[in-house]
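Chemist: The sequence shown begins at 1135 in the working numbering and counts up by one. Got a structure for you, written out below as C-alpha cells; questions coming shortly.
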Amino acid sequence: MLPRLLLIPILLLLAACQTVQVERDYDASRDFAGYRSWSWQEPALQYRPDDPRVKSDLTEQRIREAVSQQLDQRGLRPAPAGSVADLKVQVWLIVEPRQDQVSTHYSTGYWGGAWGGYWGGPIQTETRTVDYKVATLQVDLFDGKDGKLVWRGSAEQVMRRSPPTPAEREAAIRETVGQVLSQYPPQ
C-alpha cells in the first residue's frame, strides 16, 4: 500500500514537469505588419548564469538557427548588410534552481478500539524536498528605429537530469523556439 501512495505524488510531479509554459507580452500600439526585416542585437544570446555547462558555441548556433528559421516562416527576412533592420532580436537562456515540497500522507494500519472492531490508525505525513532546474528561453524583439522592446515571448520548462544527445538538444531547442515564436505576430 505504501509504494502505491508514494507513486501518486511522484506521477503528479512528473506530469507537471512535462509541460512547457509559454508567455508573451507586446506593445499593442505598434503596427507589427510594418516589420519586415530583422538583425541580431549583439550580444545575440545572453546566458544567466554565465556557466560553461550551459553556455556553449553549439547551443548558441542551435538557438540562432532555430530563431532565424522561425522568423523566416513569419515573413521576416534578415536585413541587408549596412542597413537598419526593422527589428533587433536578442535571446536569453536562463537556468535557475528551484525546489518543491512533496508531502505524502499515509496510515500506519489498523488497531482495535474499545468497542471491538477496527479503527484507522494514526496518519503519518512524510515531506521531502525535490531540487530541480528550470530553463527559460526568452526571445526579445526591439524596434530597429527607437530601440524599444515591442514583443517578448518566453518558454519555461523543467530540465531533465540526464543530458540529452546532440540531436535531442537540437530538436528541443527548435521545438521551444517554435512554441515561443508561434505567438508572433500578435493577433
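Note that CB positions come from ideal geometry on N, CA and C, so glycine has one too.
#1: Indicate whether A1219 and S1288 have their beta-carbon atoms separated by less than 7 Å.
#2: Any beta carbon from chain C within less than 7 Å of P1231's own beta carbon?
#3: When the distance is taken between beta carbons, is K1222 closer than 7 Å to F1276?
#4: Where do the N-terminal and C-terminal ends of the beta strand (DSSP E) with S1171 fall, by residue?
#5: What do you reckon, are the CB atoms on R1182 and I1228 nearer than 7 Å?
#6: If I follow the unbroken alpha helix (DSSP H) through A1200, where does it start and stop?
#7: Going along the chain, which residues of its own chain have a beta-carbon closer than 7 Å to the beta-carbon of P1137, five neighbours each way excluded?
#8: Going by C-alpha to C-alpha distance, which of W1174, T1238, V1284, Q1203 sits closest to T1259?
#9: How many Å lie between Q1291 and Q1207 at the Cα?
#10: Which same chain residues, not among the five before or five after G1162, have their C-beta less than 7 Å away from its C-beta?
#11: Looking at Q1204: is its Cβ nearer than 7 Å to the Cβ of V1284?
#12: To which residues does DSSP link D1221 through a beta bridge?
Modeler: This is what the structure gives:
#1: no
#2: This model lacks chain C altogether, as it is built from one protein chain only.
#3: yes
#4: 1171–1182
#5: yes
#6: 1191–1207
#7: Because the pLDDT of P1137 is 45, which lies under 50, any placement of that residue in the model is unreliable, and the number read from its coordinates should be weighed accordingly. Answer for P1137: no residue qualifies.
#8: T1238
#9: 24 Å
#10: As written in the sequence, residue 1162 is Ala, which differs from the Gly given in the question. The answer is none, since no qualifying residue turns up.
#11: no
#12: Reading off the sequence, residue 1221 comes out as Leu, not Asp. W1172, D1277, per the DSSP bridge assignment.
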